[in-house]
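The C-terminal position of the sequence shown is numbered 299 in this note's numbering, with every residue numbered one higher than the one before it. We put the CB at the ideal spot given by N, CA and C, even for glycine. Nothing here was measured: the structure is a model prediction, and the numbers come from that model. These notes are about the structure you will find just below.
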Amino acid sequence: MVIKRKHQKEESGNEIVVKEVLALALKDLNLSVDVRLHQLNVKDGFTPITTDIPLRVFHAKSINGSMADVGNALLKAVQMHLSAVHIAGFSIVSVEIDSTGSRLVFYTRQTLPAVLEGVVLDPRIKILYIDDAIAVVDKPANFLSVEGVDHPTSVYSLLKLKYPQVRMVHRLDYETSGILVVALTLEAAQHLNTQFREKTIQKQYHALIHGSLEPTSGNIEIKICPDPNHRVKQMIDENYGKNSLTNYKQLSSHDGTSYVELNPISGRTHQLRIHLYFKGCPIIGDSLYYLDDAEEKSI
């Protein structure tokens with residue numbers, strides 16, 4: 001009979017830093033206990049990572065007969081050694097006792113390189129402009145901006161292989177080609193998010209549509225919300241939907257189709273596709289809201 005050993009997860013740099021600092025602190029207090037680390041899950045791997053450390057010293061030794069004294073004494077000892085442990089790319093930002101008084105909470109940060117020089121960027125990703133803070137990327141059609149559950153490949157996932165600190169600040173729909181601005185640093189992401197939120201950045205789209213818009217310029221304003229009967233689609237709902245506004249201008253028209261310029265004032269999901277469908281002039285090739293049999297061929 002073969003007994004399979006349970007695979008032991010390799011410790012991260014953050015956990016190694018915490019363990020080494022704790023070892024120095026415990027030595028100062030003449031305590032000898034095993035410390036078990038539990039790393040909490042966070043959505044963004046580049047923000048400070050929180051790690052819980054159960055204070056099992058409570059069960060090993062008492063200082064002045066008080067559990068609070070044990071925690072405070074260990075906290076002070078840890079703080080004295082925060083600058084003593086150095087592992088490239090990892091650091092402890094702060095440490096505190098949690099509200100229950102039974103754990104030390106370490107806030108750690110991993111510093112990743114801005115660019116991995118030896119990595120060749122996937123040829124599907126074309127960079128139009130890049131500096132130390134941002135990159136401007138030409139997103140191809142039929143390509144995700146950010147990966148989904150069933151689609152792990154995206155502009156973000158491919159950029160991240162070469163630019164580990166990259167952050168997405170806006171997206172384009174899967175079928176939409178166009179320019180994406182991405183942040184290469186946390187500071188740049190914060191500035192860009194503020195600009196998008198305050199609408200100091202203007203977005204402009206061009207599209208081929210069925211028919212001709214009447215009038216040929218103006219605004220489209222309707223309320224839209226997620227369609228409860230379709231996981232991906234949005235729907236028009238004047239009672240429960242959120243307001244959406246698009247400024248449009250028809251640039252040319254020929255043989256039953258038109259070329260239009262679209263400036264979304266709000267930023268609802270699928271806003272432009274729904275607005276043009278609402279006007280009776282759906283976008284040519286829109287497979288989600290409108291697809292004529294004749295469009296099954298390549299456009």
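In chain order, each alpha helix (DSSP H) run of at least 4 residues that lies wholly inside the stretch 96-171 = 155-162
Counting pairs of Cβ atoms below 8 Å between the stretch 219-231 and the stretch 162-171, do you hit three or more?
-> No: fewer than three Cβ pairs fall under 8 Å.
Residues near residue 125 by beta carbon distance below 7 Å, same chain, minus five either side = Residue numbering aside, residue 125 sits at position 125 when the sequence shown is read from its first letter. Only residues of its own chain outside the window of five on either side were considered, and among them 137, 155, 158 and 159 have a CB closer than 7 Å to the CB of residue 125, listed in chain order.
With burial defined as no fewer than 16 other Cβ atoms inside 10 Å of the residue's Cβ, what is the status of residue 195: buried or exposed?
-> For the purposes of this step, residue 195 is taken as the residue at position 195 of the sequence shown. Exposed, because fewer than 16 other Cβ atoms sit within 10 Å of the Cβ of residue 195.
Report the rounded CA-to-CA distance for residue 273 versus residue 286, giving the unit in angstroms.
-> Your numbering for residue 273 matches position 273 in the sequence shown. Your numbering for residue 286 matches position 286 in the sequence shown. Approximately 8 Å, taken between the alpha carbons.
Starting from residue 254, follow the beta strand (DSSP E) in both directions and report where the run begins and ends.
-> The sequence position of residue 254 within the sequence shown is 254, counting from 1. Note, residue 254: beta strand (DSSP E), 242-254.
Give every residue of the same chain whose Cβ lies closer than 6 Å to the Cβ of residue 94, excluding the five residues on either side of it in the sequence, and list them in chain order.
-> Taking the first residue of the sequence shown as 1, we reach residue 94 at position 94. The answer, listed in chain order, is 107.
CB contact flag (residue 302, residue 208, <8 Å) | Since the first residue of the chain shown is 1 and the last is 299, residue 302 is not available in this structure.
Specify, as a first and last residue, the run of the beta strand (DSSP E) that residue 290 falls within.
-> Residue numbering aside, residue 290 sits at position 290 when the sequence shown is read from its first letter. Per DSSP, residue 290 belongs to no beta strand (DSSP E) and is neither H nor E.
Whose C-beta lies closer than 7 Å to the C-beta of residue 116 among residues of the same chain, with five residues either side of it excluded?
-> Locating residue 116 in the sequence shown gives position 116, counting from the first residue. Same-chain partners within the cutoff: 162 and 164.
Burial state of residue 179 (16 or more Cβ within 10 Å) | Here residue 179 refers to the residue found at position 179 when the sequence shown is read from its first residue. It counts as exposed.
In terms of alpha-carbon separation, which member of 127, 250 and 25 lies closest to residue 82?
-> The residue given as residue 82 occupies position 82 in the sequence shown. Minimum Cα distance to residue 82 is reached at 25.
Give a yes or no on whether the C-beta atoms belonging to residue 245 and residue 219 are separated by under 8 Å.
-> What you label residue 245 is simply residue 245 of the sequence shown in a count that begins at 1. What you label residue 219 is simply residue 219 of the sequence shown in a count that begins at 1. Contact flag set, yes.
Could you check if residue 71 is buried or exposed, using at least 16 other CB atoms within 10 Å of its CB as the buried criterion?
-> Counted from its first residue, the sequence shown places residue 71 at position 71. Residue 71 is buried by the Cβ-count criterion.
What's the C-alpha gap between residue 260 and residue 127?
-> Here the question's residue 260 lines up with position 260 in the sequence shown. Here the question's residue 127 lines up with position 127 in the sequence shown. Distance between the alpha carbons of residue 260 and residue 127 is about 26 Å.
Mind checking which residues open and close the beta strand (DSSP E) that includes residue 262?
-> By one-based count along the sequence shown, residue 262 stands at place 262. That run of the beta strand (DSSP E) goes 257-264.
How many Å lie between residue 76 and residue 16 at the Cα?
-> The residue labelled residue 76 in the question sits at position 76 within the sequence shown. The residue labelled residue 16 in the question sits at position 16 within the sequence shown. C-alpha separation (whole angstroms): 20 Å.
In this structure, does DSSP put residue 207 in helix, strand or coil?
-> Numbered from 1 along the sequence shown, position 207 holds the residue referred to as residue 207. Residue state, collapsed to three classes: strand.
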